[in-house]
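Have a look at the structure below before the remarks.
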Amino acid sequence: MITGPALLLALLEGSVGAAVLALTALGLSLVFGVMRVINIAHGEFVMLGAVVAWWCSADLLGAHPLLGFLVALAVAPLIVGAIALAADWLVLRRISYDPERTIVATMGLLYIIQQGVLMSYGPDARPLDPPIYFRVQFPGFGYSGYKLIVAGLALLLLAATWLLLARTRIGLYMRATRLDSETAQAFGVPVKRVYAIVFALGAMLAALSGVLIAPIRGAHYLMGADPLLLSFIVVIVGGLGNLRGTLLAAACIGIGEGMISVLFSPTLSKIIATLLVAAVLVVRPGGLARGATP
Amino acid sequence: MRIYALHLAVVAALFAVQFALPAYHYGNVTRIMLYAVFAIGYNILFGYTGLLSLGHALFFAAGAYGAGLTAHWWSFGPVAALGAGVGAALLVSLVTGLIVYRTTGVAFLIVTLMLAQAAFLSTLYFNTVTLGDQGIVLSLPPVELFGAALHLADPAVKYNASLVAFAVALLLSLWLLRSPFGRVLIAIRENEARTRLLGYNTALYRFAALVISGTLSGLAGALYCLLFGYVGSSFASLQYSTLPLLWTLLGGTGVTLGPPLGTAITHYLIDISSGLTSSYMIIVGVALVAITLWFPEGLAGWFRRWRRVRS
Amino acid sequence: MTLLQTRNLTRQFGGIRAVNDVSFALERGEIRGVIGPNGAGKTTLVGMICGRVPPSAGTVEFDGANITRLQPWDRVARGIVYTFQITSVFKRLTCRDNVALAAQRRLTRTTGHRFALPQALLDAAVDEAMAAVGLTEETERIAGELPYGHQRLLEIAMGLALKPALLILDEPTQGLAPGDIAPFCDLIRRTAATTTILFIEHNLKVVLELADRVTVMDRGAILAEGTPAEIEQHPAVQQAYLGD
Amino acid sequence: MGVRQSGKPGHMSRRRVLVAAGALSGLQLAKPFIITAHAAEPSLKIGLQAHRTGIGAAYGLWYERTSVAAVKVINAMGGIGGRPVELIVEDDATDAKRGTEVMEKFANEHKVDFVFGPLFGNVVGAVAARAGELKMPLFVVSEGSELAAGDFNRYVFQTGITNVRSQVTAISPWVIQNVGKKVTMIIPDYIFGYNHRDFFSETAKAQGGAVNAVIAIPPTETSFTKYFSQIPADTDAIYHVMVGPGVLTFVRELGEFFGDKGPKLFGFIDSLEAVDIGAPGLEFLEGSHLWEAFPRYLAGHNTEGAKFYRAAVGIDENGASVDNAKEISTSSHMFGCWETLFSIKEAVEKSGYKGPGDKQALVEAIESTTGYDEGKGHPQGKKQFIGKAHQVFAPQFISKVEGGKLTVVHTTSIEDGLYEPAADYTKQPL
């Protein structure tokens, strides 16, 4: 039975999901676009963000959860970015960003991060106190006010990333490397450094979305799988490495997923999404190698 | 011929050690041989043909569910259920092969990953049939063979059934590798464009390699389900796609004995480390990173090179 | 008797016509050289003949049949064999495996043994091709370890093992030591006894010495065609290609 | 009697987690060896198969703590049959495949006498089959109803905690009469949830109620709001029972969705095990009812046995860890481990079990048991045991959320939850 409130709820769930998803997927897309590698450990960066948010939320400060949340927003990207830089320097650079070996290596990284968190943080799903708690009443149902704030923050962060890419020197370097790394190098772009920064930036975006969702879903060492899968889907449907396509796909898939989840079944919506990706690649197998225009 | 003698000696040794192994290792070797069938199947696609699949759980699960569902719902006996499992894996491989007919490289990797993920989610979605997460527990009647009743619960039956499957898979893959067909697969791995201009429809060969690889993986899944009496949705999860990759990479790609070696090492590494820490899967992560950094050819490849340097 | 005929063959890359409306005929049994400056469209033309490059327009006929839409491997089955400009042997395999890949392609088709080709049959075919190019001693070596000139010969052995009706060679003498060129020309002449040969070549001396007829290409079109003597005298050729 | 325990997984305060992670020294040793140092008698080895990691981790942590405490108590009492107990813990990652491997490891490598502990249905099913093949007595501490239905084999027992069918049979009359007649069920999408669905639908109908919708949610789900729009508008009562890492999010989002205007709520405490009822966002639970097997707050079940048990395990009167008031126990499940170990003690001593050769006598001794008396060994209450079905039956509790705490408002008798099980394992060969 499809009613007005159900549709509205579907739209809300979808939009919030889409905003956070866009942030996660943008990181993955950036890494692919510039470095031409796929980072299987991307979801673990989201999980690390959530775990850092949990640390900051109560224990570190003992103050109001809002303060912990703001600290986490600042600290999580720094920690996760540093881990990504280390991974780039210790592993990816040494295998010359070979596409297939990078996939294997980042898959190893996935297990190392996930199991490392299990070792130090433990196996429990730990809830966080929401930094801001209020309820918004819609006709027929209520909705978490924090979720609406999350959507807004995600959009702000997306805009900030966009500015970084469009208006700064490092953004210019990234765009140049994306188009043609050899030419960029010839024009004096420090390509290796750009790679490292892009890998870190991608991880930082993932970590930020982890901080944002932590108060909703808590922090758990296995929580990286879902964001990875969904952002994978978004990045491919949007055209690998195509940032605008990624954002558009995040909106479509986030909202579509929300709709199908609410109206039918979340599992069904994920099945449809994965098959959609397979279909896109089967029809356009070359789309991956060529990479679309920005 | 010496190479066949070496492989037969491995099989004979595995037959012989069953009389000396302590019970716990007996069970471990049984599992290792079954997983090795999976690894050998994976290697035909990855090691010989050069196609990196991240979706082999699809075939393993197809075999396991083909056997498990027919045994559970239609009371198939073990032999019929094994046939159903292998048949299901063959069918799934054929369909997958047609879907990915023209895809290679990273696109192939992602498509196989997505198909396997869709299959995994489907085992959850259609849980009235598959019983989802919780899975199906089987209790099977004994198999009549030469007048004797073989109970699947008997460790010796498990061991020797796994050994037979292992021997078949190993010798088949060796023969395949050395046949004209296998030579073409290797040529595709080395340089697909060149192979095409030698007169080979490489897409068709890739398709054939996928079907053989998938069916062997399904044989492993079907036997695992029947011998250990259980199939659940975790058999279709990503872990069952990454493990054969690790086994093959660790043991050595493109070497017939590499994947079984990698399987054995991984199994014992996980088993030993699970006694030290709950985070034992970290071993898998460290191994994957170490292989890409230092042993791109795996242990067998490294050993071969080391021998060549010495001689 | 015409073996190969292209009609109005055209290939566009973006806005550039690499090959523009080329109609080109090849007689059975001849040795044909193709010359022209870089970018003249020679490699694209033979690419369309062997099926590596799909044409934008026009047709290719081989042995009386239209093969324009055939895949490269089907053209190999009909006897069109191409060897690359840059050597493209399987560097990590032995020479024997390299040539066997070619030989088994022919043998599985002619003998009907698909999976278990008799080893002796295959070995004989490999040895014959290796002997033809004079590499018998190197048969068991890893291809990538051979010197460059020998890799080129191996490439030709692979072509020969297919026993082609038309052998297309893309700059076969490039990278050969000067002393190796004369034996190479002998090899081509011997091969021509059973095979039609189409070769692209920059070394004009080799072309004039080896070819029965020569085609000159420039900017995607055929500039001139004739016997080596005629081509040497052709004014347009002298200006465009031999000018200095 | 020396007790050495190397590392308690998950037993870390937030601050300690930080320190451990910083030093990267948090390598948690997986086997707390409870070694009986100078005992003359060889020890009795018991394997605890724990969901230490995976989606059952919250339960696994407390199963392990409770079991360690019980073994300490039993050893202090002189052990089992005069022999000290050695507890060996292995993690099955809440995974069926790993579970069967662990079972083999117990049987063939550690050579334990008995195994106990699996809770989640997927693991129980796979492990039960393997235990039968290995002829290893297995005491599941699970609420699955399959054992009493005859789906397992002669080596599997449920002596510590009763099953879902019995729990639902016991409480459903009260729920239909006091909470609501048109019920929407929210259940986890696997066997445990189906048990709830099937048995509650059946008993609700008998009481004049009806289930008007069933919403099944995968146990790995982390976001729930999207499911709630499937709840029909004419629902009087929501019956919820969720498990897995997302339980707190589930209850919070349920509250956000309905506010204070929604249908009345009745839940199984599974939705809130290891979760603080007073956590922010759970205010809407005030006044709702929950089933409990073992009241979380001491006041609801203030017996001598319960006090002894709580002190030994280390939980305070609010059901939290004495070390950390924020760490809430899985009170309604973990007592099953304690009671299982004491039931093993009784069975071993009754049968005169000396070693694996006496397994058959042990099985028959358990099958001839008719019940357990309330006391230190069985703090949850008096038990009735139906030997042929290997199933224990117990009283149940219904509690109301009042002032952010749980107050017991109704206690069922054993008879309320009693039904005639289909299984008769005594006919199977040993």
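Chains as they are written, first to last, in my numbering: chain L, 1 to 294; chain B, 1001 to 1311; chain H, 2001 to 2244; chain R, 3001 to 3430. Each residue gets a CB set at the ideal place from its N, CA and C atoms; glycine is no exception.
In this structure, DSSP gives residue 2020 of chain H an extended state, which the three-state scheme calls strand. Taking C-beta separations shorter than 6 Å and ignoring five residues to either side along the sequence, the partners of residue 3231 of chain R in its chain run 3184, following chain order. Counting only runs that start and end inside the region 235-288 of chain L, the alpha helix (DSSP H) elements of at least 4 residues fall at 243-263, 266-283.
Each residue's CA atom was taken as its position, placing residue 1205 of chain B and residue 1181 of chain B some 8 Å apart. Annotation: residue 3393 of chain R to residue 106 of chain L spans about 51 Å, alpha carbon to alpha carbon. At a cut-off of 4 residues, the continuous stretches assigned as alpha helix (DSSP H) that sit fully inside the region 2099-2156 of chain H are 2119-2133. For residue 3050 of chain R, the nearest beta carbon of chain B is not closer than 7 Å to its own beta carbon. Within the region 3108-3161 of chain R, the complete beta strand (DSSP E) segments at least 3 residues long are 3114-3116, listed from N- to C-terminus. Residue 1274 of chain B has its alpha-carbon roughly 23 Å from the corresponding atom of residue 3129 of chain R. At a cut-off of 7 Å between beta-carbon atoms, residue 1187 of chain B makes contact with chain H. Here residue 3290 of chain R has 3267, 3269, 3399 as same chain residues with Cβ atoms under 6 Å from its own Cβ, once five neighbours each way along the sequence are excluded. In this chain, the beta strand (DSSP E) harbouring residue 2214 of chain H covers 2213-2218.
What residue 2097 of chain H touches in chain B, judged by beta-carbon distance under 9 Å, is 1183, 1186, 1187, going in chain order. Note that the C-beta distance between residue 2195 of chain H and residue 2164 of chain H is below 7 Å.
For the pair residue 3243 of chain R and residue 3173 of chain R, the CB atoms are not nearer than the 7 Å cut-off.
Between residue 2236 of chain H and residue 2168 of chain H, the alpha-carbon positions lie close to 26 Å from each other.
Here the C-alpha atom of residue 40 of chain L lies approximately 33 Å from the C-alpha atom of residue 3103 of chain R.
The beta-bridge partner set that DSSP reports for residue 3188 of chain R consists of R:3217. Under the Cβ criterion of 7 Å, residue 3259 of chain R is counted among the residues facing chain L.
In the DSSP annotation of this structure, residue 3308 of chain R is not part of any beta strand (DSSP E); the continuous alpha helix (DSSP H) holding it starts and ends at 3304-3313.
Less than 7 Å divides the Cβ of residue 3237 of chain R from the Cβ of residue 3180 of chain R. The alpha-carbon separation between residue 3271 of chain R and residue 3404 of chain R amounts to approximately 15 Å. Cβ neighbours of residue 2066 of chain H within its own chain (closer than 8 Å, five residues either side excluded): 2059, 2060. Rounded to the nearest angstrom, the Cβ distance from residue 1132 of chain B to residue 1231 of chain B is 11 Å, too far for a contact under 8 Å. Chain L places a beta carbon closer than 7 Å to that of residue 1292 of chain B, counting this residue as a contact. Counting of Cβ neighbours within 10 angstroms places residue 1074 of chain B among the exposed residues, the total staying below 16.
Taking the beta carbon of residue 3057 of chain R as reference, the chain L residues within 7 Å of it are 123, 124, listed in sequence order. In this structure, DSSP gives residue 3240 of chain R an extended state, which the three-state scheme calls strand. Rounded to the nearest angstrom, the gap between the Cα atoms of residue 137 of chain L and residue 50 of chain L is 28 Å.
The region 202-210 of chain L makes contact with the region 148-162 of chain L: 3 or more CB pairs, one atom from each, lie closer than 8 Å. Rounded to whole angstroms, the Cβ separation of residue 2002 of chain H and residue 2025 of chain H is 5 Å, and the two are in contact under 8 Å. In this structure residue 3153 of chain R does not touch residue 1027 of chain B by the C-beta definition: roughly 19 Å separates them, more than the 8 Å allowed.
Closest option to residue 1251 of chain B, judged by alpha-carbon separation, among B:1233, B:1272, B:1297, B:1242: B:1297. Interface with chain B (7 Å Cβ-Cβ cutoff): residue 94 of chain L is included. Cβ neighbours of residue 1049 of chain B within its own chain (closer than 7 Å, five residues either side excluded): 1185, 1188, 1189, 1206, 1209. Chain-order list of chain B residues neighbouring residue 2071 of chain H: 1196, 1201, by C-beta distance under 9 Å.
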